[in-house]
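**Q** Here it is: the structure, laid out below.
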Amino acid sequence: MSGAAKRPHIVFILADDLGWADLSVYGQTQYQTPHLDALAAGGVRFTQAYANSAVCSATRFGLITGRYQYRLRGGLEEPLVRTAHLHGLPTDHPTLPSLLRDAGYETALIGKWHLGNLPNFGPLKSGYDRFFGNYGGAIDYFTHKPGVGAAVPRDLYEGEVPVERVGYYTQLLADEASSWIGQQAEDKPFLLSLHFTAPHWPWVGPEDEHVSRDLTDIFHYDGGNLHTYAKMVRSLDAAVGQVVQALKARGVFDNTIVIFTSDNGGERFSKTWPFTGQKTELLEGGIRVPTLLSWPVRLQPQVSEQVTITMDWLPTLLSAAGTAPHPDYPSDGENILPVLQGKVAVHERRLFWRYKAQRQRAAREGRFKYLRINDNEFLFDVEDDTLERANLKDKHPAVFARLRQAWDDWNAQFLPITDEVLTHGVTPDIQADRYAPERATRSL
29 MSGAAKRPHI VFILADDLGW ADLSVYGQTQ YQTPHLDALA AGGVRFTQAY
79 ANSAVCSATR FGLITGRYQY RLRGGLEEPL VRTAHLHGLP TDHPTLPSLL
129 RDAGYETALI GKWHLGNLPN FGPLKSGYDR FFGNYGGAID YFTHKPGVGA
179 AVPRDLYEGE VPVERVGYYT QLLADEASSW IGQQAEDKPF LLSLHFTAPH
229 WPWVGPEDEH VSRDLTDIFH YDGGNLHTYA KMVRSLDAAV GQVVQALKAR
279 GVFDNTIVIF TSDNGGERFS KTWPFTGQKT ELLEGGIRVP TLLSWPVRLQ
329 PQVSEQVTIT MDWLPTLLSA AGTAPHPDYP SDGENILPVL QGKVAVHERR
379 LFWRYKAQRQ RAAREGRFKY LRINDNEFLF DVEDDTLERA NLKDKHPAVF
429 ARLRQAWDDW NAQFLPITDE VLTHGVTPDI QADRYAPERA TRSL
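All residue numbers for the sequence shown refer to our numbering, where the first residue is 29 and numbers rise by one.
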């Protein structure tokens, strides 16, 4: 067997706005996700995996570069929308697909890109050999448009050419991915980035085409419910099962690294217990994400307590492929393979986040987390107090001061958040449980 054949194939599956407990293996009890549960049973289930951001495009910058997204102008956007033609992923920046392609891998992105629009940016300009999917942040599952109305163009492309397809988008992506896997040469390793839009809004299940026809706004804050959301997640689970079966049919599943995770925490219908917070918030529910990894020939089934973050995947996967990050662009992440292989003990990490809406800041070190929301500051023990209720800043003033200073020192390295940077937050007019009291009061 050649050296190339021994290298693992890689299938990186990214869900969109999937909450911590939206899978039954993570605590969902209202419905089941058997295919993802099976992936967890045969692989690694992470309990302390984080997203690089509480919003989608920012995390995707961290994933594809292996670095804090705040090093790039496009990575400041929360999310990248109105300036996507100006501030996308620079085409000369080394990426996970470009580095793997240089190492001999065939590369494809099927699904959501959201790192800058044509003509300046795109998957084919940043390391992918093939692309099928949407360039922007969200499209309707049936019309494949980023808005409503006959005048709105579809955001569905084969490479850089617009195309039309009929069907529910989650299923279309599963079919494209399965087909692409079946077409790969036996003697060449591949990277498949399979980036679903599910279960991102609009709230439309696979049998709900009539809902799409009746939408007046793709955001449709007047729509959705837990039943519809369950259908969307179950369809995502079935799609993952279809892709896993395609790997098994080719006889390559055992030597394929399959990763499943989310770009940020869940949104309005997600289950995030035992955390609080959601997408756009630096509470645990907004940044801690369900994460699974399968590589049967190299890793034993296990539950990993190792703290990880999205940007770890670049150095980890490059190491598995026998290569490394570009020396001029060292990763801010960490290769976690030695931990999973039992060669290195589980260890503490120091990680940082920032988010423009509500002037949020966060730092995680060991069991402690520093959090600031507007002018309110907190110190939580997120191992014992997963709900982030007991503010320990006065009980552990030295820890609080150290993490606050560490955040300031870390933040000074990166591009500043300026007035023109877009941010998106959950506001009281669209979600009642995010109300703003007229004045702060303390319960007696």
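Quick reminder that beta carbons are idealized off the backbone N, C-alpha and C, glycines included.
1. Please list, in chain order, all residues of the same chain as E362 whose beta carbon is under 6 Å from its beta carbon, the five residues on each side excluded.
2. Any heavy atom of the ligand ZN within a distance shorter than 6 Å of the CB on Y463?
3. Pull up the CB-CB distance for D271 and A202, whole angstroms please, since I reckon it's below 8 Å.
4. In this structure, what does DSSP give as the bridge partners for S332?
5. Could you work out which residue in A434, L108, S298, A131 is closest to A391 when comparing CA atoms only?
6. With distance defined between alpha-carbon atoms, name the residue in H255, D265, S263, W229 nearest to Y249.
7. Could you have a look at A131 and say whether DSSP puts it in helix, strand or coil?
8. My output table needs one value for V189: the three-state DSSP class, helix, strand or coil.
9. How about D291 and L42: do their beta carbons lie closer than 7 Å?
10. Can you grab the Cα-Cα spacing for the pair P151 / W141, in whole Å?
11. Are the beta-carbon atoms belonging to Q459 and K299 less than 7 Å from one another?
12. Would A426 be called buried (16 or more neighbouring beta carbons within 10 Å of its own) or exposed?
13. Give me the Cβ distance between A385 and T308, rounded to the nearest whole Å; I'm assuming they're in contact under 8 Å.
14. If I measure Cβ to Cβ from K153 and keep anything under 8 Å in the same chain, skipping five residues before and after, which residues do I get?
15. Output yes or no for whether 7 Å exceeds the beta carbon distance between G294 and D45.
16. Could you tell me the alpha carbon to alpha carbon distance between G31 and G269, rounded to whole angstroms?
17. Given a threshold of 16 other Cβ atoms within 10 Å of its Cβ, counted over all protein chains shown, does M29 qualify as buried or as exposed?
18. According to DSSP, is F40 part of a helix, a strand, or is it coil?
19. Report the three-state DSSP secondary structure of A82 (helix, strand or coil).
20. Just grab the DSSP bridge partners of R392 for me.
21. Alpha carbon to alpha carbon, how far is G215 from T61?
22. Alpha carbon to alpha carbon, how far is I401 from F442?
23. When you compare only the Cα positions, how much space is there between I445 and P343?
24. To which residues of the same chain is L321 closer than 6 Å at the C-beta, ignoring the five residues directly before and after it?
25. Since V410 contacts K397 with CB under 8 Å, what's their CB separation in whole angstroms?
26. In terms of residues, what are the limits of the alpha helix (DSSP H) holding G314?
27. Which residue spans inside the segment 89 to 175 form an unbroken beta strand (DSSP E) run of at least 3?
28. Any contact between the segment 349 to 368 and the segment 102 to 116? By contact I mean 3 or more CB pairs, one from each, below 8 Å.
29. With H, G and I counted as helix, E and B as strand and the rest as coil, what does DSSP make of F224?
30. Report the CB separation of F380 from W301 in whole angstroms; it is logged as a contact under 8 Å.
31. Helix, strand or coil for T338 per DSSP?
32. Whose C-alpha, out of Y383, N148, T284, F170, is nearest the C-alpha of L67?
33. Where do the ends of the beta strand (DSSP E) carrying G287 lie?
34. T198 and A267: beta carbons closer than 7 Å?
35. With a CB to CB cut of under 8 Å and the five nearest residues on each side skipped, what residues in its chain are close to D65?
36. Within 10 angstroms of its Cβ, does S471 collect 16 or more other Cβ (buried), or is it exposed?
**A** Inspection of the coordinates gives the following:
1. D340
2. Annotation note on the ligand ZN: not contained in the displayed structure, which lists no ligands.
3. Looking at the sequence itself, residue 271 is Val, so the reference to Asp does not match. At roughly 6 Å, the Cβ-Cβ gap stays under 8 Å, so V271 and A202 are in contact.
4. F74
5. A434
6. W229
7. coil
8. strand
9. yes
10. 7 Å
11. no
12. exposed
13. 6 Å
14. T119
15. yes
16. Low confidence applies to G31: its pLDDT is 41, below 50, so where it sits in the model is not reliable, and the reading given next is rough at best. Distance between the alpha carbons of G31 and G269: 29 Å.
17. At M29 the pLDDT is 37, less than 50, meaning the model places this residue with poor confidence and gives no usable figure here.
18. strand
19. coil
20. L379, K397
21. The amino acid at residue 215 is misidentified as Gly; the sequence shows Asp. The alpha-carbon atoms of D215 and T61 are separated by roughly 33 Å.
22. 20 Å
23. 27 Å
24. G71, V72, I287
25. 5 Å
26. 312 to 315
27. 134 to 140, 158 to 162
28. no
29. coil
30. At roughly 25 Å, the Cβ-Cβ gap does not stay under 8 Å, so F380 and W301 are not in contact.
31. helix
32. T284
33. Just to set this straight, residue 287 is Ile in the shown sequence, not Gly. Looking at the DSSP string, the run of the beta strand (DSSP E) that includes I287 is 284 to 290.
34. yes
35. L51, S52, V53
36. Model confidence at S471 stands at a pLDDT of 48, short of 50, so the residue's coordinates are unreliable; what they give is reported in the following sentence. Per the 10 Å Cβ criterion, exposed.
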